[in-house]
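Residues 37 to 542, numbered by the numbering used here, are exactly what the sequence shown covers, in order. Comments concern the structure below.
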Amino acid sequence: MMLSASGAMAPVDDALYAAYVRNAPLARDGETVLIAIDDRSLQALGQWPWPRRTHARLVNLLDAAGARSVALDLLMPERDRDPGSDDALAQAMRTSGRVVLPVNAGTAAAGAPAEELVPVAPLGDAARALGHTDLESGRDSASALYLKAGIGAPRWPALPRALLGVERNDLAAPPKPGRNASRAWERADRVLLRFSGPAGTYPQYSYADVLDGRVPDDAFRGRRIIVGATAAGLGHVIATPMPGGRMSTLEYLANATETLAQRAQVHALDPATCALLAFLATTLAAGLALQPALRARLLVNAVVVMGLVAVSLLAVSAAQTWWGPSAAVVAVVVLGAVSLVVDLRRSTDRAHLDGVTGLLSRRRFLHRLRGAIAHAADTSEPLAVISLEFSGFERYRARAGELEAAVLLARLAKLMHAELDGAGDFAGRTSDAGLASVVLHRSDAAVDAMVDRLRTQAAAVVRNAEGDDGATALQVHVGRARATSDAWLPLLRRAAADGRRPAVRA
């Protein structure tokens with residue numbers, strides 16, 4: 037949950053959403069047309085900025101052609117040098133009644149507080165609506181749009197939303213910021229966008245060609261028009277998830293408008309909900325992973341990971357809801373890796389330990405005994421082997437059963453293990469009815485004391501297991517031998533023989 041809530045996996049989720057957008061383009065409805073202030077227009081009409089009478093001519097031409105709505109993505113927060121130009125453009129916009137102008141944030145000077153760059157009064161008053169053009173171009177390659185933004189309060193609709201509001205006659209006056217509102221630029225209602233295609237997908241005409249009448253009126257009739265700059269040094273480009281990666285702000289606005297027009301915007305789940313889903317997915321995976329077989333657990337983890345990605349893509353395509361699954365996927369993968377490590381360790385332990393007594397298996401015990409004998413020979417450190425064996429064990433097992441025989445061995449193994457001091461001592465099962473331990477750094481007296489204790493305690497355990505009738509004549513033998521130059525097998529045999537010399541009758 038912390039991984040999801042922290043946003044650490046956001047770049048991975050963004051990449052997954054970008055892949056979805058790239059491979060599932062939004063069908064273009066053919067209603068959006070672009071007019072670009074391109075390099076050719078600057079050559080034809082002169083250096084920027086142009087007199088606003090020029091824009092008035094364009095608005096009048098589009099109105100006469102029957103344009104449904106017009107967005108002029110041109111910031112005009114100050115008066116034109118020719119006041120008559122502002123009046124001409126304002127009159128053209130009033131006549132049209134379908135023109136939207138942009139709002140954005142800016143500063144009057146370096147270090148000054150942010151302020152809203154709204155159209156100068158005659159133009160702002162004449163516009164049918166105003167909309168912000170604060171385009172997010174951060175971590176997720178401009179796949180997002182804030183539907184509202186503004187200084188002190190997110191009160192301005194996004195320009196694409198304002199443009200559609202003009203078409204649908206669904207405009208509300210933006211609320212004024214409160215008296216104590218901050219001077220920060222605030223955003224709200226973030227949505228993820230879809231794209232109709234890479235740069236060049238929407239029909240685009242040069243501003244100069246439109247003014248010169250080289251574009252027929254049918255190209256604009258009944259359509260929404262977005263006007264903006266693409267010329268070098270004047271227009272901006274934005275990184276997007278689409279092939280080619282970058283497109284002009286003008287084309288980005290077209291895609292954003294198309295997304296909202298088709299109500300195809302995607303709503304991302306809030307971090308708390310994402311964290312909860314990641315927790316539930318991990319819990320589900322943990323429950324399903326309680327399989328005895330390693331292969332089954334790995335298969336369950338793989339299915340859960342693929343299922344999480346599938347659910348995410350299904351939600352975005354069918355319900356227009358985006359849930360980034362990467363945190364949950366990582367949690368499930370980590371869970372699977374931990375489960376694998378634990379299983380491998382258990383497998384190793386099972387290979388090294390006897391399943392009945394919990395002591396070392398015969399193979400592991402003999403391996404360690406060889407090493408201990410060699411070390412003792414090199415260092416002259418004392419080493420002793422203590423042997424504990426039964427006679428009559430097979431008859432006891434046949435009479436009492438496998439479970440009781442295993443319980444008896446486990447109890448005796450516990451006694452033997454209790455005598456180890458942990459400083460290199462170890463014990464193991466050497467045969468079906470035999471146990472042995474290796475003790476280091478002990479004097480003969482200490483080893484003899486250990487043997488005496490084990491004889492007494494083992495006799496009591498065997499007597500309690502056999503019962504009063506003694507029907508199986510079960511006997512336990514405890515002996516010891518010091519390592520000299522013996523190999524491991526003679527050493528074990530000497531310890532066993534020592535135990536039989538006196539046999540302790542249980």
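Ideal Cβ placement from N, Cα and C applies to all residues, glycine included.
- CA-CA distance, L395 to E430, rounds to 21 angstroms.
- Residue burial annotation: L200 is buried, with at least 16 other C-beta atoms found within 10 angstroms of its C-beta.
- By the neighbour-count criterion, in which 16 or more other beta carbons inside 10 Å mark a residue as buried, Q493 falls on the buried side.
- Under the rule that a run must span 3 or more residues, the beta strand (DSSP E) segments found entirely inside the region 215-280 read 221-228, 240-242, 260-265 and 273-275.
- Counting C-beta atoms within 10 angstroms of its own C-beta, D116 has 16 or more neighbours from the protein chains shown and is therefore classed as buried.
- Leaving aside the five residues that flank L98 on each side, the residues in its chain whose CB is nearer than 7 angstroms to its CB run, in chain order, V106, F256 and I261.
- Rounded to the nearest whole angstrom, the C-alpha separation of A496 and T415 is 38 angstroms.
- Bounds of any beta strand (DSSP E) do not take in R115, whose DSSP letter is neither H nor E.
- DSSP places P138 in the uninterrupted beta strand (DSSP E) bounded by V135 to G142.
- With respect to the C-alpha of R530, the residue from A420, A363, G437 and L316 having the closest C-alpha is A420.
- In the three-state scheme derived from DSSP, where H, G and I count as helix and E and B as strand, M283 is classed as strand.
- Between the C-alpha atoms of L70 and S348 there is a straight-line separation of about 34 angstroms.
- Contact between the region 345-365 and the region 305-314 is present, with at least three C-beta pairs closer than 8 angstroms.
- Residue state for S362 is assigned as helix, using DSSP reduced to three classes.
- With a 10 Å radius around the Cβ and a threshold of 16 neighbouring Cβ atoms, P158 comes out buried.
- Looking at the backbone, the Cα of A63 and that of D118 are separated by about 44 angstroms.
- Within a 10 Å sphere around the beta-carbon of N337 sit 16 or more other beta-carbons, which makes this residue buried.
- The beta carbon of D122 is closer than 7 angstroms to those of R88, R115, D116, V156, P158 and L159 in its chain, skipping five residues each way along the sequence.
- Taking a 10 Å sphere around the C-beta of G264, we find 16 or more other C-beta atoms and assign the residue as buried.
- Beta-bridge partners of K184 (DSSP): P193 and A224.
- For Q511, the enclosing beta strand (DSSP E) has its first and last residue at Q511 to R518.
- Annotation: the region 451-508 contains the following complete segments of the beta strand (DSSP E) (minimum length 3 residues), in chain order: 462-467 and 470-476.
- Under DSSP, T357 forms a beta bridge with H303.
- Measuring C-alpha to C-alpha distances from T393 to each of A314, G428, N140 and L445 identifies L445 as the nearest.
- When rounded, the separation of the alpha-carbon atoms in A501 and R400 is 29 angstroms.
- Of the residues assessed, N205 falls on the exposed side of the cut-off, its CB having fewer than 16 other CB atoms within 10 angstroms.
- Residues of the same chain with a CB within less than 7 angstroms of the CB of R219, apart from the 5 flanking positions on each side, are P149, A150, I187 and G188 in chain order.
- Closest in alpha carbon position to A363, among L320, R404 and A311, is A311.
- Proximity to L451 across A290, L78 and V514 peaks at V514, based on C-alpha coordinates.
- For a cut-off of 8 angstroms, the C-beta gap from A463 to S473 is around 4 angstroms, short enough to register as a contact.
- DSSP places V69 outside any alpha helix (DSSP H); the residue lies instead in the beta strand (DSSP E), whose first and last residues are T68 to I73.
- Partner residues in the beta bridge of G167, as assigned by DSSP, are P138.
- S353 counts as exposed, since fewer than 16 other beta carbons sit within 10 angstroms of its beta carbon.
- With a cutoff of 8 angstroms on beta-carbon distance, D109 and L286 are scored as near each other.
- For the pair L166 and A141, the Cα-to-Cα distance works out to about 13 angstroms.
- Annotation for E430: the continuous alpha helix (DSSP H) segment containing it runs F429 to A436.
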